[in-house]
Every structure is written in structure tokens, then in C-alpha cells.
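Protein chains: 2
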Amino acid sequence: MNAASLPCPADVLAAAARIAPHATVTPVLQSRQLDALAGARLHFKAEHLQRGGAFKFRGACNAVWGLDAAQAAAGVVTHSSGNHGAALALAARTRGIACHVVVPEGAVAAKLANIARHGATLWQCAPTIAAREATCAQVQADTGATLVHPYADAAVIAGQGTAALELLGQAGALDVLVVPAGGGGLASGTALALQHAAPGTRLVLAEPAGAADTARSLAAGERQIDFVPDTVCDGLRGTLGQPNFELLQQAGVEVIVVDDAATVAAMRLLWEVLKQVVEPSSAITLAAVLAQPARFAGQRVGLVLSGGNVDLDALPWARA
Amino acid sequence: MNAASLPCPADVLAAAARIAPHATVTPVLQSRQLDALAGARLHFKAEHLQRGGAFKFRGACNAVWGLDAAQAAAGVVTHSSGNHGAALALAARTRGIACHVVVPEGAVAAKLANIARHGATLWQCAPTIAAREATCAQVQADTGATLVHPYADAAVIAGQGTAALELLGQAGALDVLVVPAGGGGLASGTALALQHAAPGTRLVLAEPAGAADTARSLAAGERQIDFVPDTVCDGLRGTLGQPNFELLQQAGVEVIVVDDAATVAAMRLLWEVLKQVVEPSSAITLAAVLAQPARFAGQRVGLVLSGGNVDLDALPWARA
């Protein structure tokens, strides 16, 4: 397996073994009240309780520990001011190797501080894709660091699939599994996990209406990534990756497109009823189930709560 | 055992068996980041994930299921517009019996709706202790319902102690256990549980400076309950009960008095780092540990997160 090839179900099993010494086995949470509301049995996989506060640690950890000794000695590099940057920094620290994170000027200070806290070196660049890629390439040339893309990377995809594997082991058989769709790392990794462990379980992607490139791409049969994201789900603004698209197309997934208002309402429910601090990108899974109840009625449903990194001073329901 | 006598450690064991079919076995949560901050190994007992959103269900459930058939047929009554009212309503529903809750005029509508949602009958009275007791007595006279006091009740105390029993089974040996002190139901029940299961484990009570009647009562050797509570910890404004005082005095507990500012800061930490929606009355336990780190350094510490019923539109750190 390398970053350019497509991962397969066996890679998810290998990833689970590789990250086991480092990752948290996150709990599965349930609520009678939310079950009653949804008319289904909901099993929330609490990846916001994963190290770093998001499932992203799984993929980053698999990538870092999959490097050979010579690669590892040169460190890793990525471009992400969000959960993946912090996750890669944390994963690199578990192996004691260098981590470089390229971040755009103007990124949220709290997120940068979080990445720096885990020991990564930050490289600022202009807030354009061209500047980001040029800076990344420069760091790679200067240091020999391996690029770990946030989602279009075989090791990252395989690592993200371990969340679903773990959930199936904890919750037992599920009729359907709902995960958020952003760049497609979690979605495609989950598809691989189901292929191995639960081929009868449907995979439903929850995607924000303001960044519905996965829904459009799957409908068109080719990637449709020319758009400007507009959604409260800051973790789902990335554009669908090519390997991710191919894996999702092969898997035959369903997509439910969700309005931000429904996501914010679901987020508030998860805070009030499940008592969990989750970000909008997590809540979109519950919003999808509540938006189309007929597709889940009476079923055993898994939902991945992908992360819990939110700004407590800017809660979406408090916005004017 | 009856409501007037003092419960003993065996009553906590009996309570655990009695409520097992109805109560949730709540998880124990940990955080490397909070451990580093505290310089100790923290084990958070997540009672905010208990049915009804607070440990109160344990005591209410034990009281309801401890009634004989004739008592049960007449139902239960209490006066509480907070977590105990909702917990008793929920517990009564598990046995299919009537529940009457006396609430003061002007109580928070959301809390009353929560009690009513669980099927209880609400009785409004003037917001004075005299009116509350008169209304309660009237309901008892009219219906024959058994009074279940929020904390000065042997069955309630024994039920609350089951949280500590369960925590010890999950986390293993602890050097110290920290619980919030309000009326003393959880505190005295926990003292009984430790007496049975872990006599070497210290019990530390965390009490708000604006309602420090337990600290004052234990120092004085008699109940000191003539005060007007002034604290953000709305669950800890009750005055220490007589049986609760006696049990705590026998147990030789420590008390740490905590300022509201420290509690609010700890609450924010629990939201941001542990990703849990807990109320101030829960967060005061972490605040106590962080306020006096020398008393916990390097130790295995249990902390009971007592509840998670908060108003998301009025978060304490957002107050002007």
C-alpha cells in the first residue's frame, strides 16, 4: 500500500492492529429519548472522545506508524489548520518524529495553538491553494518529510475505517451506518470496513447542502469539485478526493444532503440530550436520520460523532 | 430501613441490586490532558449520562422500588423543581405508579416541562418553605402518597451511594473520591459505599463558598443551616439534612470550599477537553482538585460528575 494506490479492506484490519497501542477505544453512547425521536435504535460512536478530539487521529496514526525507519526519521508534513493538523502532530509525537504543518495566514489562533501544543512546527503561507502546495513542496524538499494528505491518502483512509470496525465490535450488527462526508477519508475508509466486516450494512453519507460535492460527484459519475463551500460544518468543507471518490463509487453508498439549520438543531439535541460537546460535522449524522426518518424506521443505526472541537464562545444557535 | 432511620453500608448494596434493572451503568471517562493539568490520575464517573441526566435517578429509583405494594399503589410525592423532581417522576414511571411534584410558582418552565414529560402531576405553591411543606402534606393527606425527600431520606441516601460502588468496580482502587456537597444525599451515600467497599479511600466533598453549610456544620459539630445560598451551583443550594450530617460526621470527611469562578473555569475545561455537557454542580469536583493540587498529587482520584442539566442559552462564562 502507498499513498497513491487504493487501499483495500485488509488495510483497515492492519491499521486497527497498528494504531491499537496509541488510539483510544471510544465508547458507544445511546439515548432512549433520541431513539424515541428517531423511531430507531441509535448507536453513537463517540470519536469526539478520540485523542485530539476527532477520528482524525486514527488515520494520522496509521500513516505515521506505517512509515519505514528511514522515512520516519525525516518526519511528516501536511497542510491543515483543523483537526487533521492536530491529529498528525499528536501521532508524530507518539513515534517521536518531526511534524510540519503548513497553515494559511489568518487561520484561527486557537486551532494553531492546539497544533503547536502537540509539538509540530508551523509554516505560515498565503491563504491560497497554490501557496499551500508550494510551501508544502518546499518543506518536503528541505526536510525529506513524507506528505500525509488529510484524506486523499491510502494509509489515512484505512486508518479512518477502524472507527467503523470498532463500532461493529461494540454494538453488534447494524442495519445502516451514517457518517459525515467531507473530503471522503472517513466515508471511504468506512466503506472498506463494511466490505470486510458487515457487507449487509448500508452506508449512508451525511453531507451539508453548502458543500454537497460528494452527492453531485456520485450522481454525475465523475468528481464535481468546482464550488465554494458554504456551511456551518467547518470539518466538511474539503473537496472530495480522487481515491475517496473511486472507493465510494465502488461501494454504492447513499447520500443524504442536509441543511445547516437541521444540523444546528441536531447539534443542540446532542448537547442537551446526549450531553456531548460535538461539532456541527458530527451532528449532521443525526440531522440526516431525523430529516429522512422513513429510511431508518425501526432499524439499528450507527452514527459516527466525528469530532468535538468547537468554539464555546461562538455556538451556532447563539448567532444573531 | 425507613426514611427516618440512618441507612447503613448494606443498604447501599441492596440499593445496587434493586435499581440494576432500571439504572444506566454510566461510563468512567479519562483525559490525559486533564491528568497533566491536575498532576493526578482522574476518573470521572459520568452520572450526567444517568437516566434523567443526573445521579438523582439512583436514589429516587431505590425509594420507589423499596415501597411495598400497598404504599406503591398510593404513589409518591416530593417537592423539587430540579433534578430530583424529574428523577422521581422517571422512577415512578418505571414502576407504573403515580408521582406528585410540588413546585414553587416562578420555577423555570423548562425544568417543569421536563418533570411533566415523565408523567408526574405538578402542584404549584407559593415560593416559601411553609407553603411547600403545607402543599406536600395536603397531597399526602389527599392521596396517601409516600413522601420521598430529595436527600434527607434513608432510601435516597442508599441509592445515591451506588454511584461510588459502581465507580470502584470500574476504575479499581482509588486514593480519594471527590463528590459535590449540597443537601448531602450523594455525599452521605458515598460515605456508606466507601465504608463497605474501600475503607482506605478518602472522601472529599466539594462545596460552593456561597452555600458552605456542610463545611461549617462539620467544623462546628452541629448543623449550621441558617443562610441564604448564593452560588452558580444550582444543584447545591439545598441545606444539609440531619441524617446526612450525622453520616458525614461519623465518616470523618474532608471538605474543600470552592469559589464560583473556579467552578465556572472547571466547567469550561470539562466541556472543552472532556467534551461533556456538565452543570456547575458537577464541575465543582474538578475545581476542588485544581484548587488544592497538593492534596491529590500523583494519586488515583475519582470524581462524580453529578449532572448535566444546563440551560444552553445561559452558559455561565457567557454572562456579562
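Protein sequence lines, in the order shown, are assigned to chains D and V. The working numbering puts the first sequence at residues 1 to 320. The working numbering puts the second sequence at residues 1001 to 1320. Yeah, the Cβ is synthetic: ideal placement off N, Cα and C, and Gly gets one too.
### Query
Between the Cα of D:L247 and the Cα atoms of D:I225, D:L218 and D:V264, which residue gives the shortest distance?
D:L218
### Task
Output, in chain order, the set of chain D residues within a Cβ distance shorter than 8 Å of V:Q1170.
The premise fails here: V:Q1170 is roughly 12 Å from chain D at the closest Cβ pair, so nothing lies under 8 Å.
### Query
Is it buried or exposed for D:Q160, if we count other Cβ within 10 angstroms and need 16 for buried?
buried
#### Entry: Neighbourhood of D:A63 by C-beta, 6 Å cutoff - its chain only, sequence neighbours within 5 removed
V148, A155 and V156
### Message
So with CB distances below 9 Å, who are the chain V contacts of D:K56?
### Response
Going along chain V, no residue has its Cβ under 9 Å from D:K56, so there is no contact; the nearest lies around 15 Å.
#### Entry: Cross-strand partners of V:E1207 (DSSP beta bridge)
V:V1257
### Message
Quick check on V:L1032: buried or exposed, where buried means 16 or more other Cβ atoms within 10 Å of its Cβ?
### Response
For clarity, residue 1032 of chain V is Arg in the given sequence; the question names Leu instead. V:R1032 comes out exposed.
### Inter-residue CB distance, D:A74 and D:G144 (contact presumed, cutoff 8 Å)
4 Å
### Task
Give the interface partners of D:V277 over in chain V, defined as CB-CB distance under 7 Å, in chain order.
W1271, K1275, Q1276 and V1277
### Query
Hey, quick one: how far does the alpha helix (DSSP H) through V:P1009 stretch, first residue to last?
P1009 to I1019
### Task
Tell me the start and end of each unbroken alpha helix (DSSP H) in the stretch 1219-1298 of chain V that is at least 4 residues and wholly inside, in chain order.
1242-1251, 1260-1272 and 1280-1291
### Query
Any idea if D:R51 is buried or exposed, counting beta-carbon neighbours within 10 angstroms, 16 or more meaning buried?
buried
### Query
Roughly how many whole angstroms lie between the Cα atoms of D:P208 and D:I284?
8 Å
### Query
Who are the Cβ neighbours of D:A215 in its own chain at under 7 Å, not counting the five residues just before and after it?
E207, V255 and V257
### Message
To test your reading of the DSSP string, which unbroken beta strand (DSSP E) runs of 3 or more residues are found completely within the stretch 140-182 of chain D?
### Response
176-180
#### Entry: Touching by the beta-carbon criterion (3+ pairs, under 8 Å), the stretch 270-278 of chain D and the stretch 193-204 of chain D
no
### Query
So which residues on chain D does V:L1312 lean against when the C-beta distance must stay under 9 Å?
R268, W271, E272, L315, W317 and A318
### Query
Taking Cβ positions only, does D:R93 come closer than 9 Å to chain V?
no
### Task
Measure the alpha-carbon distance for D:A14 versus V:G1172 and round it to whole angstroms.
32 Å
### Task
Please determine, among V:A1294, V:A1265 and V:S1306, the residue with the shortest C-alpha to C-alpha distance to D:L312.
V:A1265
### Task
State the CB to CB distance for the pair V:A1152 and V:P1243, rounded to an integer number of angstroms; the pair is presumed to be in contact (CB under 8 Å).
6 Å
### Host alpha helix (DSSP H) of V:G1185 (start-end)
G1185 to A1197
### Query
From V:R1268 to V:G1308, what does the alpha carbon distance come to, in whole angstroms?
13 Å
### Task
Verify the CB distance criterion: does V:R1051 have a CB-CB separation below 9 Å to chain D?
yes
### Query
Among D:L205, D:P7 and D:A261, which residue has its Cα nearest to the Cα of D:L177?
D:L205
### Rounded C-alpha distance that separates D:G200 from D:D175
7 Å
#### Entry: Contiguous beta strand (DSSP E) assignments of at least 3 residues, all confined to the stretch 1028-1104 of chain V
1041-1046, 1076-1079 and 1099-1104
### Task
May I have the straight-line CA-CA distance separating V:Q1030 from V:A1130, to the nearest angstrom?
44 Å
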